[in-house]
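Working notes for the structure below.
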Amino acid sequence: MMAEEFEPKIVAFLCKWCSSAGSDLAGVSRMQYPPNVVPIQVMCSGSVSPLYILSAFNKGADGVLVSGCHPGDCHYIKGNYYARRRIALVKQLLEYIGLEPQRFQMSWVSAAEGTKYTEIIKDFVQELKPLGPQTKLRRAQ
Amino acid sequence: MKRTGVFICHCGINIAGTVDVKKTAKDLSKHPGVVHSEEYVYMCSDPGQNLIIDAIKEKKLDNVVVACCSPTLHETTFRNTAKSAGINTFQCEIANIREQCSWVHKDMDKATEKAIKITKSAVERVRRNESLEPISIPVTRRALVIGGGIAGIQSALDMANSGFEVILVERSPSIGGHMIQLSETFPTLDCSQCILTPKMVEVSKHPKIKLMTYSEVQDISGYVGNFKVKILKKPTYVDPDKCTLCDECTKVCPVVVSNEFDIGLTGRRAIYIPFPQAIPATYTLDIKNCPGLLPIACGKCADVCEPEAIDYDMKPEIIEEEVGAIIVATGYDLYDKENLAEYGYGKYADVLDGLQFERLCSASGPTMGKVLRPSDHKEPKEVVFIQCAGSRDPELHCAYCSKICCMYTAKHAMLYKHHVHDGQAYIFYIDIRSGGKGYEEFVQRAVEEDSVLYLRGKVSKIFEEKGKIKVWGVDTLTGKDIEIDADMVVLATAMRPSKGAEELAKKLKIAMDKDGFLAEAHPKLRPVESVTSGLFLAGAAQAPKDIPEAVAQASGAAAKAIAILSQERLFHAPTVAKVNLNLCTGCEMCVHVCPYDAISLKDGKAEVNEVLCEGCGTCSATCLRAAIQVKNLTPLQVHEMIRTSLGG
Amino acid sequence: MVNLEDLKKEASAVLKDEKVKYVIGYQKSSNGLMPAPVFINKPEDVEKLIWNPTCIHNLTRFLTDERQRKIKEKHPDERPVGLIVKGCDSRALVVLLQEKLISREDVYIIGVSCENAGVVDEKKLAKKFKDKKIERIEFDEKDNIVVTTKDGKTKMAASEILAERCLECKANFPVIYDVLLGEKTKRQPENPFQSLEKIESLSEKERWDFWKEQLSKCIRCYACRSVCPMCYCDECVVDTINFAVTADTTAEEKAQKIKWLEKSPVLSENFVYHFIRAIHLAGRCIDCAECERVCPLDIPIRFLNKKLEKAAKELFDYDAGFDPDHPSLVASFRDEDPEDFIR
Amino acid sequence: MEKVLAKKSFPQWVKILSSYKIFAPVEKENLWNYELIENPEKVNLDYLNTVLSPKKIIFPQREIYLEFSAENEDGLKVEEVLPDEKPSVIFGVRPCDAKSLTLTDKVFGGDFEDIYYWSRRKQMALVGLSCSTPPSPNCFCLTVDGSPFSKDGLDVIMTDLGDKYFIETLTKKGEQLVSTAKALFKTPTEKDKKDLLKIQQEAKKLIKRQVESIKKIPPKLKEMFDASLWDEESMSCIRCGICTYLCPTCHCFDINDEVDSHSPLKGKRIRTWDNCQFPDFTMHSSGHNPRPDKASRLRQRIMHKFQYFVERYKNYQCTGCGRCISQCPVGIDIIEVLDKVRDYGA
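Protein sequences appear in the order of chains A, B, C and D.
Here the numbering used here runs 1166 ahead of the position in the first sequence, where the first position is 1.
Here the numbering used here runs 563 ahead of the position in the second sequence, where the first position is 1.
Here the numbering used here runs 7 ahead of the position in the third sequence, where the first position is 1.
Here the numbering used here runs 595 ahead of the position in the fourth sequence, where the first position is 1.
This is the structure we're talking about:
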């Protein structure tokens, strides 16, 4: 019997107005992507606290995605600009302590970009598979 | 422990086809706190909703999760279901297992596993939801319309006729906008002024409309139902009540400047009336060009004004108004001359833009409706019309299509032929977009009855040579080079958002699209609303459109505004930010990040204006001490959702 | 050269005419070379004050205590506190002003310039002098440091035993003060982020191995956050128990308390603590490196903060602790903020 | 019995004891700490003192009490987790740290025996290293009934005689350790014994720090609960946990349930060190905190060590290792505090 391929666990924080709507569109258009991602809908990418990201890794996420509206499209006018800055800092630090950069990603996905969302998830899963489980920040059990 | 009920929808086979709904229901029934868990073929159907209602009553459920389609579709449905069963609407959450699960996966086991996680995290969220009631706010039952073009006029009239007070603000001396400059309108060729002036008069006479021309919106504060507006009323130095329109003043005014109304084809005096049918019917002294208000400087106009209507001491006023809704109809301007130098626009007197040509054709225009060359007042025998001048050119100019040019160019060619029967009209076009009632027939008429010559292709060069304007181009259909010795060239220049729209948008906190047009809340479903509630869009300010569309949107916006004004009170989502005063140190970071200025410091602690707050949560992600969080999507709730999403 | 007598004069002056409640400075400690903070409220006690290259503490830390005391008191003494600050410390003050924790009237700032020197690194000293007991250590005019042991004086360039952060200092004299002692000799390090390269140059795996070992050592004594002037929250987000509870704290608010990390001092939980602290100090840390100095396990905590200081500078052109009127790093943005990392 | 052991044969001794778990001080980046030893050659007793005392081996900062789970339908399953300890030896224990274990023994022993503590303690043999020179400038063991040669709590004590160690076995366990490697040990000569005495007399003189007439302190403290001294002395305290976490005699702990999974429920009950200098140590869920400020926490630390503990166990809860003095970030010095207590109001 063949050893089962590693299936990364991914948590995706999707802003309600763009990215979650975009992923809805992917659904409506019956696009297909791997089931490794569990979406968590937040109001705005600007509301994603670094604690959320860290907590996800601490609780065993192999990858974390934060996705919001494109610059200028934010339903809340500028929340995504604050997210962009905050996430950049988190990413810098995570990579500095030696976490694989592929494990934490951010994207702009508009309500019209079902295809883009699909592609992002596909790539994300593909990039994570060779890395294997994320054990660095994970709480030992 | 809270008692939670879970309801899994098959959505026919839409969900059940890929998600094992029975297993999902069984798994959830084991989840801590879940005392009821069942699946059904269509939860949104009446029997489906009744299942929920019965369960809530029989099992004394505190809250419910419905695992079904996206919350954008049935959240309201099921929250009302919950309400009708006697629990608070916020005690119902949706788990999106269709769009974000069953529809995008094929592997049943994995899809089911994911659906379970999604549903469980919805359970963890709903268990921690507060029961909330919408926040009720009073409504100021008056409206503000910004812009006195056809769109603004239409909105104002619609609202006024429904019995609401309207303040109509226009920055130029008269309302009428660009439409009043037009000669005839396509596809019916009826006279623009003849159909517009009645509406203008109606506005001026309407008891419910407060018209403020020569005025600009300076500042806006407040929120839907309760805006406070500061309007700057610029001095006209002429008292409209005294002015008898005798026109003596212009006769003595020594200054002549280019006339905006005729787009520089004629001149006007420093004291002037924009056009005979101007509303309000009065003169305006244009201070920028007046030699000086002091009698010693000039003062001739005042000397000859018998009714003594001219008042040099008139001062600018700031007028404050309170309104409940605002319609923005700031219209458009044509693409700037300097951007189109390649067409000789602004260089050769006989290269005109569409509006200038309208004036030439207009009975009230500089030539009393005769089409004559501005340079030598000769009748042009060969006229070249060029479409898409600045439009559909992402490299150099505007990427978008200005939409109305195809039609008005056809109209121009037609009008020209009606004026100059032996003349020849050429039209360079990329392609003809004539969608609209009677539009295609109109274009055909131009070709067949008025033998307008349509040339598919772009103009490569325009230059002047012995009194003629040489137009070189290619007919991409025949592949032939074309060379026309034209007497006149008319450019269908691109439509741009009117100057100052950006500045206004910032004041109003409404977004703009990449081209600078005002952004609607949803391209399909909310085309007349801005993202800021209480602010609506009408006319070309939102995107290029022709008169019927502008009027339609204006009435749409009016209807939306009326929907607010007709309320006694308004209701605002109660899922707003909340401060934990024990933890707040007043560092002001939340104040800085709040997109709605909803947070301020009171006695050194943050305070949320619940009516302004839209619940985006940027404040809570910024706060270093978890002292502020949005109700019903608190960090604790997200924390629990993260845990369950990872199977913990 | 800062003259100790001038410092004493300034301190006793403000105490004499009762301009301040008390003056916070440095005094000799019973524990060998390193001094201890001193709180002086009588003019005659200014004799306790010392000033030399071991005066390492960032005394702005104590404004937090003063603030809490004030909140408790019914009729608080509204006079300012006299505070002796170096360049780095003064930047901490600026951040506290920026965050409205204190107002300018709360503190009378006695600034001392480090000129071309700074403060010493205990460990470097220990290396250099082994177990030889150091009796005195002082600047001399030419920005050298003179160390006196039982077998006489040793003179060396200040840089040889200065703390790493002093060699990367961005403000060698106070950026804000009521009175300044010493010269405003501007000094700019050619590379203020030199020390980071050591770890940045490592491979991903090496970096992780490094931090894994370092953070595994942590015993969560929380000295790093206790000594930090920016860690002034009554209740830290990583604390699992409510500290800031008052009569009007609702049951909900207590129930809302989140266990972001467990009390177990294991790598994963230690990491959450140190990471969150670093992120919360982004754009606020002014690199006084007190956190690193006090760590009993010598965890190089400073590098985490320094890394984000570098990111803030390079990505957002933000420097902490210079402008009290500028919104904080994470409470502001520029349209041109980089987004090449976003898909 | 008394023996001598050539320094070069020390590693062999350790090797011979390989059936035991061996702990000894190990140096990393100028810090010494006790670690489990794989390679006997690594053991190096030429050190001052460790950051953390052997307390961390016998009373680890994290201890799993039990594991619980509700995987199967029939309710909660609970399993006690006991440390299964092999016989172990800790080398190079300083007399003060050994003495401190006799104090924690009292706390974890008595009417109720803490199985987690004792299951390790009973297996543990302590081989001490006496302090010919004080390991820290802040040593003050003499003040608190200790000495650089105190044998309390030790099974074997070694004294550095230059090229060899003077070895005294103090318990059965200790003799066991030595006799298993008889061949390596020699009987001490008269000179060895003289040298030992000389070193011992010298060593006492080298300890510079002390609290005079400490006997006065416990009774004095009784009247000092409301003394203003605590406010003054705690002014510079930053409420970190260094003094207590590094103290070899502090033994307070907290118990938490760490949940790995909520559905199905699965997790551990865990004991971790706790610290009376932390504000949350005495925080009530009501919001009331009986020790609301730094002053009351400093008072608690001093009172516990020099009054409550003395009343209960007739010992100071301090062995004068000086860690809290050397490591305090703001130079709070327990000796100075005690001096001030003694002289308070006088």
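Even glycine gets a Cβ: it sits at the ideal position worked out from N, Cα and C.
Quiz item: Three or more beta-carbon pairs under 8 Å between the stretch 1125-1145 of chain B and the stretch 1102-1111 of chain B, yes or no?
Solution: no
Quiz item: Which parts of the stretch 93-178 of chain C are runs of the beta strand (DSSP E), unbroken and 3 residues or longer, counting only runs that do not cross its ends?
Solution: 114-119, 141-146, 151-156 and 159-164
Quiz item: Since GLN559 (chain D) meets chain C, which of its residues come closer than 8 Å, beta carbon to beta carbon?
Solution: With chain D covering only 596 through 941, there is no way to say anything about residue 559 (chain D).
Quiz prompt | Segment contact, 8 Å Cβ cut-off, at least three pairs: the stretch 779-791 of chain B with the stretch 863-874 of chain B | solution = The count of Cβ pairs closer than 8 Å, one atom from the stretch 779-791 of chain B and one from the stretch 863-874 of chain B, stays below three, leaving the stretches out of contact.
Quiz item: With distances taken between CB atoms, is the gap from ILE929 (chain D) to CYS838 (chain D) smaller than 9 Å?
Solution: Working through the fourth sequence from its first residue, we reach residue 929 (chain D) at position 334. Working through the fourth sequence from its first residue, we reach residue 838 (chain D) at position 243. Contact flag set, yes.
Quiz item: Taking C-beta to C-beta, are ARG68 (chain C) and ILE833 (chain D) nearer than 9 Å?
Solution: Looking up residue 68 (chain C) in the third sequence gives position 61. Looking up residue 833 (chain D) in the fourth sequence gives position 238. Taking 9 Å as the Cβ cut-off, ARG68 (chain C) and ILE833 (chain D) qualify as a contacting pair.
Quiz item: Does DSSP put GLN717 (chain B) in a helix, a strand or coil?
Solution: Along the second sequence, one-based indexing puts residue 717 (chain B) at 154. Residue state, collapsed to three classes: helix.
Quiz item: Can you list, in chain order, the stretches of the alpha helix (DSSP H) that have 4 or more residues and sit fully within the stretch 596-631 of chain D?
Solution: 605-611
Quiz prompt | Minimum Cβ-Cβ distance from PRO682 (chain D) to chain B less than 9 Å | solution = As a position in the fourth sequence, residue 682 (chain D) is number 87, starting the count at 1. Taking Cβ atoms only, chain B never reaches closer than 9 Å to PRO682 (chain D), which makes this a no.
Exercise. Could you run through the stretch 565-594 of chain B and flag, in chain order, every residue whose CB is less than 8 Å away from some CB of chain A?
Key: Shown here is that no member of the stretch 565-594 of chain B has a Cβ falling below 8 Å from a Cβ of chain A.
Quiz item: In terms of DSSP beta bridges, what is GLN1271 (chain A) paired with?
Solution: The count along the first sequence starts at 1 and reaches residue 1271 (chain A) at position 105. Note: GLN1271 (chain A) sits in a beta bridge opposite A:LEU1231.
Quiz item: Helix, strand or coil: which one does DSSP assign to GLU352 (chain C)?
Solution: Absent from the structure is residue 352 (chain C), since the part of chain C shown begins at 8 and ends at 350.
Practice problem: Express the C-alpha separation of GLU1131 (chain B) and MET742 (chain B) in angstroms, rounding to a whole number. | Solution: Here residue 742 (chain B) refers to the residue found at position 179 of the second sequence. Here residue 1131 (chain B) refers to the residue found at position 568 of the second sequence. Computed Cα separation, rounded: 36 Å.
Quiz prompt | Partner residues on chain A for THR813 (chain B), Cβ-Cβ distance less than 7 Å | solution = Position 250 of the second sequence, counted from the first residue, corresponds to residue 813 (chain B). Those within 7 Å of THR813 (chain B) in chain A number zero; the least Cβ separation is about 47 Å.
Quiz prompt | Per-residue contacts from ASP670 (chain B) into chain A (C-beta, under 7 Å) | solution = Counted from its first residue, the second sequence places residue 670 (chain B) at position 107. In chain order: PRO1201.
Quiz prompt | Bounding residues of the alpha helix (DSSP H) (the contiguous stretch that carries HIS982 (chain B)) | solution = Numbered from 1 along the second sequence, position 419 holds the residue referred to as residue 982 (chain B). Per DSSP, HIS982 (chain B) belongs to the alpha helix (DSSP H) from 968-982.
Practice problem: Take the Cβ of MET1167 (chain A) as the centre, count every other Cβ of all protein chains shown within 10 Å, and call the residue buried at 16 or more, exposed below. | Solution: Taking the first residue of the first sequence as position 1, residue 1167 (chain A) is located at position 1. Note that MET1167 (chain A) has pLDDT 46, beneath the 50 cutoff, so the model's placement of it is unreliable and the number below is only indicative. That one is exposed.
Exercise. Give the interface partners of SER856 (chain D) over in chain B, defined as CB-CB distance under 9 Å, in chain order.
Key: Sequence index remark: in the fourth sequence, residue 856 (chain D) carries index 261 (1-based). Chain B residues near SER856 (chain D): ARG1206, GLY1210 and GLY1211.
Self-check item: chain D contact for LYS683 (chain B) (CB, 9 Å cutoff)
Solution: In the second sequence, counting from the first residue as 1, residue 683 (chain B) sits at position 120. So, interface residue.
Quiz item: In this structure, does DSSP put LYS935 (chain D) in helix, strand or coil?
Solution: Translated into the one-based positions of the fourth sequence, residue 935 (chain D) becomes position 340. Helix, per DSSP.
Quiz prompt | HIS573 (chain B) classed as buried or exposed, judged by whether at least 16 other C-beta atoms fall within 10 angstroms | solution = Along the second sequence, one-based indexing puts residue 573 (chain B) at 10. HIS573 (chain B) is buried by the Cβ-count criterion.
Quiz item: With a CB to CB cut of under 8 Å and the five nearest residues on each side skipped, what residues in its chain are close to ARG642 (chain B)?
Solution: The residue given as residue 642 (chain B) occupies position 79 in the second sequence. Answer for ARG642 (chain B): THR652, PHE653 and CYS655, listed in chain order.
Self-check item: In DSSP terms, what GLN902 (chain D) is bridged to
Solution: Here residue 902 (chain D) corresponds to residue number 307 of the fourth sequence, with the count starting at 1. None, per the DSSP bridge assignment.
Practice problem: Please list the partners that LEU1196 (chain B) has in chain C, where partner means a Cβ-to-Cβ separation under 7 Å. | Solution: Walking along the second sequence from the start, residue 1196 (chain B) turns up at place 633. What LEU1196 (chain B) touches in chain C: nothing, since even the nearest Cβ is about 13 Å away.
Quiz prompt | Beta carbon proximity, HIS1202 (chain B) to chain A, threshold 9 Å | solution = Within the second sequence, numbered from 1, the residue matching residue 1202 (chain B) stands at position 639. So yes, HIS1202 (chain B) belongs to the interface.
Quiz item: Hey, how far is the Cα of GLU1170 (chain B) from the Cα of ARG688 (chain B)?
Solution: As a working mapping, residue 1170 (chain B) is identified with position 607 in the second sequence. As a working mapping, residue 688 (chain B) is identified with position 125 in the second sequence. If you take the alpha carbons of GLU1170 (chain B) and ARG688 (chain B), they lie about 25 Å apart.
Quiz item: How about VAL252 (chain C): is its C-beta nearer than 9 Å to some C-beta of chain B?
Solution: Position 245 of the third sequence, counted from the first residue, corresponds to residue 252 (chain C). Interface residue, yes.
Practice problem: Leaving out five residues on either side along the sequence, give the residues of the same chain with a beta carbon under 7 Å from the beta carbon of GLU638 (chain B). | Solution: Translated into positions along the second sequence, residue 638 (chain B) becomes position 75. Counting only Cβ-Cβ distances below 7 Å, and skipping sequence neighbours, we find ILE657.
Quiz item: What distance in whole Å lies between the Cβ atoms of VAL934 (chain B) and GLU921 (chain B), which are believed to be in contact at a cut-off of 8 Å?
Solution: Against the second sequence, residue 921 (chain B) aligns to sequence position 358. Against the second sequence, residue 934 (chain B) aligns to sequence position 371. Not confirmed; about 11 Å, so no contact.
Quiz item: Hey, does ILE1206 (chain A) have any beta-carbon neighbour from chain C nearer than 9 Å?
Solution: Sequence index remark: in the first sequence, residue 1206 (chain A) carries index 40 (1-based). Cβ-Cβ to chain C under 9 Å: no for ILE1206 (chain A).
Quiz item: Quick one: is PRO814 (chain D) buried, meaning 16 or more other Cβ sit within 10 Å of its Cβ, or exposed?
Solution: If you number the fourth sequence from 1, residue 814 (chain D) lands on position 219. Exposed, since its Cβ has fewer than 16 Cβ neighbours within 10 Å.
Self-check item: Classification of LYS694 (chain D) by the beta-carbon crowding that lies within 10 angstroms, buried from 16 upward
Solution: Along the fourth sequence, one-based indexing puts residue 694 (chain D) at 99. Classification for LYS694 (chain D): buried.
Quiz item: Cα separation between ASN1195 (chain B) and GLU1173 (chain A)?
Solution: Within the second sequence, numbered from 1, the residue matching residue 1195 (chain B) stands at position 632. Within the first sequence, numbered from 1, the residue matching residue 1173 (chain A) stands at position 7. The alpha-carbon atoms of ASN1195 (chain B) and GLU1173 (chain A) are separated by roughly 32 Å.
Quiz prompt | Alpha-carbon spacing of ILE611 (chain D) relative to ASP852 (chain D), whole angstroms | solution = By 1-based counting over the fourth sequence, the position of residue 611 (chain D) is 16. By 1-based counting over the fourth sequence, the position of residue 852 (chain D) is 257. If you take the alpha carbons of ILE611 (chain D) and ASP852 (chain D), they lie about 42 Å apart.
Quiz item: Residues in its own chain within less than 6 Å of PRO1205 (chain A) by CB, not counting five upstream and five downstream?
Solution: Reading the first sequence from its first residue, position 39 is the one you call residue 1205 (chain A). Closer than 6 Å at the Cβ level, and outside the excluded window around PRO1205 (chain A), lie ALA1178 and LEU1180.
Exercise. Please check if any C-beta of chain D sits within less than 9 Å of the C-beta of GLU167 (chain C).
Key: Your numbering for residue 167 (chain C) matches position 160 in the third sequence. No, GLU167 (chain C) does not count as interfacial toward chain D.
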